[in-house]
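Trainee:
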Amino acid sequence: MMASVKRWCVASVIVGAVSICLPISAKAQEAKETQSTEGKEASCADCNRPIANTKVNTSYKYKTVQSVKNVTQYKDVNKTRYEKLVNRVVNVTRIQPVTHVNVITRVHNRTVVLHQTQNVAQTETLPTQTVTTGKTIQVNHEPVHRTCNCR
């Protein structure tokens, strides 16, 4: 924007200067031509003037053209963000002790010798002998989901 304003100002100054100088230079040139018509009617190669009695009207037309370039600049920045992802695998070994208990009831029958002579007849009923054996068995079932009861 500033460049175009500067160009416009320069162009207006040049047009103003040319419009002021043209009438003066035209009058000065006519005066010189009247003085130099003493036999020189051909163009003077040394002073770069046109042939005598030739009027020159110079007009300037200015056109400001803006050269527009659309430039896209890219600045690639790599920003790395490290996230910790921990996959923890825990192997749990569970030990369940199994105790097998075998209960054995031992009945000791002892005979005591009496030093008397007696005729006694006795009948005794002993309690029933009980043997208890226990064992723990692991039963592995398939897992069941609580929400849908599928396996």
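Counting from 2, one number per residue, gives the positions in the sequence shown under the working numbering.
Think of the CB as a built atom: it goes at the ideal place given N, C-alpha and C, for glycine as much as any other residue.
Here the structure is a predicted model, which means the values were calculated and not measured.
Rounding to the nearest angstrom, what Cα-Cα distance links Val72 and Val91 in this structure?
Mentor: So the alpha carbons of these two residues sit roughly 58 Å apart.
Trainee: Give a yes or no on whether the C-beta atoms belonging to Thr133 and Val99 are separated by under 8 Å.
Mentor: It is not a contact, given that the beta carbons lie outside the stated cut-off.
Trainee: State the DSSP-derived secondary structure class of Thr55, mapped to helix, strand or coil.
Mentor: Residue state, collapsed to three classes: coil.
Trainee: Under 8 Å: do the region 129-145 and the region 106-118 share three or more Cβ pairs, one atom per stretch?
Mentor: Flag = yes, the region 129-145 and the region 106-118 touch.
Trainee: So, at 8 Å on beta carbons, what are the nonlocal neighbours of His101 in its own chain, with the 5 sequence-adjacent residues on each side left out?
Mentor: So the qualifying residues of the chain are Thr134, Gly135 and Lys136.
Trainee: Tell me, please, whether the CB atom of Val72 is closer than 8 Å to any CB atom in chain D?
Mentor: In the displayed structure, chain D is absent; only one protein chain is listed.
Trainee: Whole angstroms is fine: what's the gap from Arg111's alpha carbon to Asn120's?
Mentor: Their backbone Cα atoms lie some 19 Å apart in a straight line.
Trainee: Quick one: measure Cβ to Cβ for Arg8 and Thr55, integer angstroms, because I've assumed they're closer than 8 Å.
Mentor: Not quite, the Cβ-Cβ distance comes to about 34 Å (not below 8 Å), so this is no contact.
Trainee: Let me make sure I understand the geometry here. Which of Ile15, Leu86, Val145 and Ile138 has the alpha-carbon closest to that of Ser60?
Mentor: For the residues Ile15, Leu86, Val145 and Ile138, the minimum Cα distance to Ser60 belongs to Ile15.
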